[in-house]
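Enquirer: Here it is: the structure, laid out below.
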Amino acid sequence: MNRFLALFAFVVFAIFVGILAFEVPSPDLVIVILITMALLAYDFITSSQNEPKD
269 MNRFLALFAF
279 VVFAIFVGIL
289 AFEVPSPDLV
299 IVILITMALL
309 AYDFITSSQN
319 EPKD
């Protein structure tokens with residue numbers, strides 16, 4: 269369930285910043301959005317992995 273909610277939040281955020289990037293086509297803004305999305309994707313991948321149980 270946590271992965272689903274994280275994926276849903278990722279998709280909603282991507283749609284929001286995608287609309288922002290298309291409405292305000294500033295190259296600097298697009299670069300910041302791409303960096304932010306890359307960091308968000310990295311966090312999603314690393315935090316949603318199964319951790320070994322001790």
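If you want my numbering, it's the 1-based position in the sequence shown plus 268.
Built from N, CA and C at the ideal position, the CB exists for glycine as well.
From a predicted model like this one, the values you see are computed outputs, not experimental measurements.
Using a Cβ-Cβ cutoff of less than 8 Å, which residues in the same chain neighbour residue 274 once the five nearest sequence positions on both sides are dropped?
Expert: Only residues of its own chain outside the window of five on either side were considered, and among them 312, 315, 316 have a CB closer than 8 Å to the CB of residue 274, listed in chain order.
Enquirer: Residue 307: which of 270, 281, 289 sits nearest, CA to CA?
Expert: 281
Enquirer: Comparing alpha-carbon positions, which option in 318, 298, 272 lies nearest residue 284?
Expert: 298
Enquirer: Straight-line CA distance for residue 289 to residue 301?
Expert: 8 Å
Enquirer: Identify, in the order they occur along the chain, each residue of the same chain with its Cβ nearer than 7 Å to the Cβ of residue 271, setting aside the five sequence neighbours on each side.
Expert: 316
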